[in-house]
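Heads up, the thing below is written out as structure tokens.
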Amino acid sequence: MSRLDKLEKRNSKKRKYKYILRVIFIFVMIINTMLCAFVVDRRANSMLGKNQYKIEEVFKSVEPSMKKGLDEVGKATSKILNKDNIEKIEDNIKKIKESFTK
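Residues 1063 to 1164, numbered by my numbering, are exactly what the sequence shown covers, in order.
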């Protein structure tokens, strides 16, 4: 195996590793945020009482905008993770490497 092949293989592994770490980080942050929201909810409920603190109404009013935002995020990530785009990027990287080796 040539040095260039080894370097390319090593960089490919690093990219996969970074992607996996980013996904794990996002999941950890989501869990952390949910736990914090739960704690704040319980504290607010105990401080204000059940008659004053009506979070269900707030959730019902925010729900449509959250669904719209999640749909937009889903569309954006599907565009980014589209295999055709990844293949195009890899082809461009190969072309650039070839131009440097000439």
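Just so you know, even glycine gets a beta-carbon here, dropped at the ideal spot from N, CA and C. From a predicted model like this one, the values you see are computed outputs, not experimental measurements.
I believe residue i touches residue j by the beta-carbon criterion, under 8 Å. Please report the beta-carbon distance rounded to the nearest angstrom.
{"i": "I1117", "j": "D1103", "result": "6 Å"}
With a CB to CB cut of under 6 Å and the five nearest residues on each side skipped, what residues in its chain are close to residue i?
{"i": "S1123", "result": "none"}
{"i": "K1078", "result": "none"}
Ignore the nearest five residues each way along the sequence and tell me which others in residue i's own chain have a CB closer than 7 Å to its CB.
{"i": "A1106", "result": "Y1115"}
Quick one: complete beta strand (DSSP E) runs, 3+ long, within the segment 1075-1162? none
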